[in-house]
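Q:
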Amino acid sequence: MADTGKKFHFLDLRIPLGGLLSFYGIILVIYGLLSNKEVYKKSLGININLIWGILILALGVFLIGFAFFKRRKAVNNKDKL
Amino acid sequence: MSAIHINLIDYLIIGGYLLVTMLVGYLLKKYMRTGEDFFLSGRSLPSWITGLAFLSANLGALEIIGMVANSAKYGILTVHFYWIGAIPAMVFLGIFMMPFYYESKVKSVPEYLKHRYNNATHGLNAISFAIMTVLMSGISMYAMALLFKLMLGWSLTASIFISAFVVLIYIFWGGLSSSIYNEVIQFFLIWLGLLPIVFLGLKQVGGFSGFLERVPQTFLHSWKNLGSAANNPLGIEWLGVVLGLGFVLSFGYWTTDFLVVQRALASENLSAARRTPIIAAFPKMLVPLIVVTPGLLAVAVLPEFSQTAAKSAEYNSALIMLMGHFLPNGLLGLAITALLASFMSGMAGNVTAFNTVWTYDIYGSYIKRGMSDKHYLRMGKYTTVAGVILSIGTAYIVQSFPNLMDYMQLIFSFFNAPLFATFLLGMFWKRATPKGGFFGLLAGITAAAGHYLLYKFHVIGYTSEMGANFYQAWWAWLTDFVVTIAVSLVTKKKDEKELVGLVYGLSPKAGERKKFYLRPELWGSVVLLAAFILNILFW
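Here the protein sequences line up with chains A and B, keeping their order.
Numbered per the numbering used here, the first sequence spans residues 1 to 81.
Numbered per the numbering used here, the second sequence spans residues 82 to 620.
1. On a Cα-Cα basis, can you pick out the residue from B:ILE220, B:LYS573, B:TRP319, B:TRP439 that is closest to GLY548 of chain B?
2. Under a three-way DSSP split, which group does LEU126 of chain B fall into?
3. 8 angstroms is my cut-off, CB to CB: does GLY97 of chain B come that close to chain A?
4. Between PHE135 of chain B and THR336 of chain B, which are expected to be in contact by the criterion C-beta below 8 angstroms, what is the C-beta distance as a whole number of angstroms?
5. Just the Cα atoms here: how many angstroms apart are ILE176 of chain B and GLU602 of chain B?
6. Taking only the alpha-carbon atoms, compute the straight-line gap between ILE526 of chain B and PHE495 of chain B and give it to the nearest angstrom.
7. Between the alpha carbons of VAL149 of chain B and VAL571 of chain B, how many angstroms are there, rounded?
8. With 16 other CB atoms within 10 Å as the buried threshold, where does LYS73 of chain A fall?
9. In chain B, which residues lie less than 9 angstroms from ILE27 of chain A when you measure between Cβ atoms?
10. So, using beta-carbon positions, are ASP442 of chain B and SER221 of chain B closer together than 8 angstroms?
11. Mind checking if VAL61 of chain A is an interface residue toward chain B, Cβ cutoff 8 angstroms exclusive?
12. Under 8 angstroms between C-beta atoms, does LEU281 of chain B make it to chain E?
13. Run down chain B in chain order and give the residues with a C-beta less than 8 angstroms from the C-beta of GLY32 of chain A.
14. For the alpha helix (DSSP H) holding ARG344 of chain B, just list the boundary residues, first then last.
15. Looking at GLU349 of chain B: is its Cβ nearer than 8 angstroms to the Cβ of SER125 of chain B?
16. Pull out every residue of the segment 34 to 46 of chain A whose Cβ sits closer than 8 angstroms to any Cβ of chain B, in chain order.
17. For LYS573 of chain B, which three-state DSSP category applies?
18. Would you say PHE23 of chain A lies against chain B (beta-carbon separation less than 8 angstroms)?
19. Going by DSSP in three states, GLY45 of chain A sits in which element: helix, strand or coil?
20. Does any CB atom of chain B fall closer than 8 angstroms to the CB of ILE48 of chain A?
21. In its own chain, which residues sit with a C-beta less than 6 angstroms from the C-beta of ALA419 of chain B, not counting the 5 before and 5 after it?
22. Give the interface partners of LEU273 of chain B over in chain A, defined as CB-CB distance under 7 angstroms, in chain order.
23. Is there contact here, the segment 559 to 577 of chain B with the segment 498 to 516 of chain B, by at least three beta-carbon pairs under 8 angstroms?
24. Got a sec? Which residues, its chain only, sit under 6 angstroms from GLY376 of chain B by beta carbon, not counting five neighbours each side?
25. Assuming contact is defined by CB atoms lying nearer than 8 angstroms, are TYR112 of chain B and SER258 of chain B in contact in what I supplied?
26. Taking 8 angstroms as the threshold (beta carbon to beta carbon), is PHE69 of chain A in contact with chain B?
27. Whose CA, out of B:ARG295, B:LEU283, B:GLY521, B:GLY411, lies closest to the CA of THR374 of chain B?
28. Check the Cβ-Cβ distances between LYS578 of chain B and every residue of chain A, and say whether any is below 8 angstroms.
29. What's the gap between the Cα of SER331 of chain B and the Cα of SER545 of chain B?
30. Whole angstroms is fine: what's the gap from LEU133 of chain B's alpha carbon to PRO169 of chain B's?
31. How is the alpha helix (DSSP H) around PHE289 of chain B delimited, first residue to last?
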């Protein structure tokens, strides 16, 4: 089954994608905490950077976590064989 | 447009995206050993990735900006491009057509025509498709450069060359896989970048009911005013919507455009390939939330687009103005990145499809046949460079066309609409002959051209440009359909043995033993039902 071997080794997109989103989340949260209220006149007084940053960070961490969880499961399965 | 000020954090976000895309290309480089790896991702991707890429390949920034503009101009009628347009066609592709594409092991949509009909049909389609992709890629690039010029103050030429360079690098390294991975990243960015506008906007107008007092009644119903062309802003009645858009244009685009079908062909097995368009149909159904709502918001919130304003409103800038209106720095950078990502993947998608069609369907079929896989892989890489350079060229040509959306619809009605008839008969009627296929396709394209001329010289008239496009697609399809049947009845048909696996009824039923919750039929029915309910809700 050379085929499945190849499938196995393909780059897991969840890692770069999760990494990018985590990076966005972190800088948006920091910026949201540091920036003054003036900036949020546009967004109806809501600190949307902070709120949305937390959400994006959570999504990014979830994706990375999911990828590692999958990988560990795969490694465990290999050991059993 | 001067209301938009970009600062360091926005640039950090844009830069982070560019870096990650190139990194992904670089990491994929070592997996690209054979032609199949480069052109078809080694047929090894899981369906969640191909499904999201399938949707994103179509969700280019041009589409987003254009559909927001459409919604600001026509209101909720724009949902027809989604709930009657796309969804049924995507389900049809997944359930009925994908087995023939995937099981026949073709590398491209034109290649199917070679096996089913003959070389002439194949060549006609391959060449017209190659031209179409290069033109479309140029449109994406030009629109992106324009956006960057307006928002960031970069020069047109600098924007064109920077984006072309990034796209070139990542496709050169990772081929179709790079393209697909970037489409998935883009999928996430588009939602994350545009949803804040929807939330803030709805908060300001006071929810969907807030639209009632700020937007004309005809903007808020999808079917109610389609009784006659004069009663609704779109200028077309229900028959044109159902036949032209719902049937011909949508089915033509979603089931035969190699740009989208290529994503499904990269799936790891037939079942995943069939699930691909159906998985894509779910988020597709929700896309109106991030395009139609902003369009309505523009009418309700921005004075430039209110009903009392001059009719000369620049609708294409609606989305950008909303971004400037609602988003603070930070999220502004994210929204710009989302648009950047969808422009780049729109371009990349066209370049990878062009690669494959050029290398296998034109070069490998008619110029140098039977060379080694290595030779074609190298050719694919050179073609990437050539494709990007050609796109830069077309980007400058496109500059001279005033309305990009009309131009795109026009291209589709020329090439995709008749092609759908050729495929439909090819896959489901074994009596269709090679000559029938060729002359049918040729007649369909000619009919589209003829209709276009008649319309341009005012021999026939429509209430709106869009109406003309819908009917042009319909007549082109019908001509192809009738001519293919007529010619087939008087010409020699192919031996049935040659058609095994290509035509319905001659193919062994694929013995898919999948758990019921993985079956495409189940999810196809679910998404159709949901689309039906949405149509009723926004009647």
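Idealized CB from N, CA, C, for every residue including glycine.
Note that the structure is a prediction, hence the values are computed from the model and not measured.
A: So, from the listed chains and residues:
1. Per the Cα distances, B:TRP319.
2. Here LEU126 of chain B sits in strand by DSSP.
3. At a cut-off of 8 angstroms between beta-carbon atoms, GLY97 of chain B makes contact with chain A.
4. Between THR336 of chain B and PHE135 of chain B the Cβ distance is about 12 angstroms, and since that is not below 8 angstroms, they are no contact.
5. Approximately 6 angstroms, taken between the alpha carbons.
6. Pairing ILE526 of chain B with PHE495 of chain B, the inter-Cα distance amounts to about 6 angstroms.
7. Rounded to whole angstroms, the gap between the alpha carbons of VAL149 of chain B and VAL571 of chain B is 49 angstroms.
8. By the 10 Å Cβ count, LYS73 of chain A comes out exposed.
9. Near ILE27 of chain A (Cβ distances below 9 angstroms), the residues of chain B are ILE90, LEU93, ILE94, GLY97, GLY411.
10. In this structure, ASP442 of chain B sits away from SER221 of chain B, with a CB-CB distance that is not shorter than 8 angstroms.
11. Contact with chain B is absent for VAL61 of chain A, since none of that chain's Cβ atoms lies less than 8 angstroms from the residue's Cβ.
12. Protein chains A and B are contained in the structure displayed, whereas chain E is not.
13. Residues of chain B passing the Cβ test: GLY411.
14. Counting along the chain, the alpha helix (DSSP H) containing ARG344 of chain B begins and ends at 339 to 346.
15. Between GLU349 of chain B and SER125 of chain B, the gap from beta carbon to beta carbon is short of 8 angstroms.
16. Hits within the stretch, in order: SER35, VAL39, TYR40, LYS42, SER43, LEU44, ILE46.
17. Reduced to three states, the DSSP call for LYS573 of chain B is coil.
18. Under the 8 angstroms criterion on CB atoms, PHE23 of chain A is classed as interfacial with respect to chain B.
19. Note: GLY45 of chain A maps to coil in three-state DSSP.
20. The C-beta of ILE48 of chain A comes closer than 8 angstroms to at least one C-beta of chain B.
21. These residues qualify, in order along the chain: LEU270, ILE271, GLY274.
22. The contacting residues are ILE56.
23. The segment 559 to 577 of chain B makes contact with the segment 498 to 516 of chain B; the number of CB pairs closer than 8 angstroms reaches 3 or more.
24. Taken in chain order, the residues that qualify are VAL149, SER152, ALA153.
25. Yes, these two residues count as a Cβ contact at 8 angstroms.
26. PHE69 of chain A has a beta carbon lying at 8 angstroms or more from every beta carbon in chain B.
27. Closest in alpha carbon position to THR374 of chain B, among B:ARG295, B:LEU283, B:GLY521, B:GLY411, is B:LEU283.
28. With 8 angstroms as the cut-off, LYS578 of chain B does not count as an interface residue toward chain A.
29. Looking at the two C-alpha atoms, the distance is approximately 19 angstroms.
30. For LEU133 of chain B and PRO169 of chain B, the distance between alpha carbons rounds to 17 angstroms.
31. In this chain, PHE289 of chain B is not harboured by any alpha helix (DSSP H), its DSSP state being neither H nor E.
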